[in-house]
Amino acid sequence: MAYRFKFEKILNLKEQEKEEAQNYYQESISKFELVAEKLYDLLKKKENLEIFQSNKLVSGFPIHEIRHYQQFISNIEKTIEYYQELVIQARNRMNWYEQKLSEMSVEVKKYEKMKEKDFCQFKDSMRLSEEKFLDELTVMQFMNRGN
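Residue numbers are given in our numbering: position 3 of the sequence shown equals residue 3, and the series is strictly consecutive.
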């Protein structure tokens, strides 16, 4: 008699859901990294531009160029604010998917533990029925020797 777990289909479904959650989590990580890198690049660009502007101010700089760089820095700051919001959203999404993945992992572990216990009970019942069969066989052999 072969072992068959009565909740095997549910376990398979939960494992598929866990895999799906894992994929969504990995995707959210990559999106977070992409947005965070873009934000880092913008911050670095702004820092370099401010350093360049301060060096130019020391050596002399026409007013129209100062206005031009100030406008450019202002635009970069607006873009930075936008990307900061995107980073926050991506981080929240990533954390949410991480939580879902954790929940799915717990669900799968529960069913795996149930399967493990059920299999132990199956082995015990098989062992008991085998012992019972052997006892009956022994009794029959003993009775046949006596006759």
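Even for Gly, the Cβ is constructed at its ideal location relative to N, Cα and C.
Could you tell me whether the Cβ atoms of residue i and residue j are closer together than 8 Å?
| i | j | result |
| --- | --- | --- |
| lysine 31 | alanine 90 | yes |
| tyrosine 69 | lysine 38 | no |
| isoleucine 80 | lysine 56 | no |
| lysine 108 | glutamate 8 | Note on residue identity: the sequence assigns valine, not lysine, to residue 108. No; because the gap between Cβ atoms is not below 8 Å, this pair is not in contact. |
| serine 125 | lysine 18 | no |
| methionine 94 | isoleucine 29 | yes |
State the DSSP-derived secondary structure class of residue i, mapped to helix, strand or coil.
| i | result |
| --- | --- |
| phenylalanine 133 | helix |
| lysine 6 | coil |
| phenylalanine 119 | helix |
| phenylalanine 142 | helix |
| phenylalanine 52 | helix |
| phenylalanine 72 | helix |
| phenylalanine 32 | helix |
| methionine 114 | helix |
| methionine 1 | coil |
Give me the Cβ distance between residue i and residue j, rounded to the nearest whole Å; I'm assuming they're in contact under 8 Å.
| i | j | result |
| --- | --- | --- |
| tyrosine 97 | alanine 2 | Rounded, the Cβ-Cβ distance is 38 Å, inconsistent with contact. |
| leucine 42 | tyrosine 111 | In fact, because the Cβ distance is near 46 Å, the residues do not count as touching under 8 Å. |
| isoleucine 66 | leucine 49 | So it is not a contact: roughly 12 Å between Cβ atoms. |
I'd like to know whether the C-beta of residue i is nearer than 8 Å to at least one C-beta of chain B.
| i | result |
| --- | --- |
| serine 30 | Considering every chain present, this structure includes no chain B. It has just one protein chain. |
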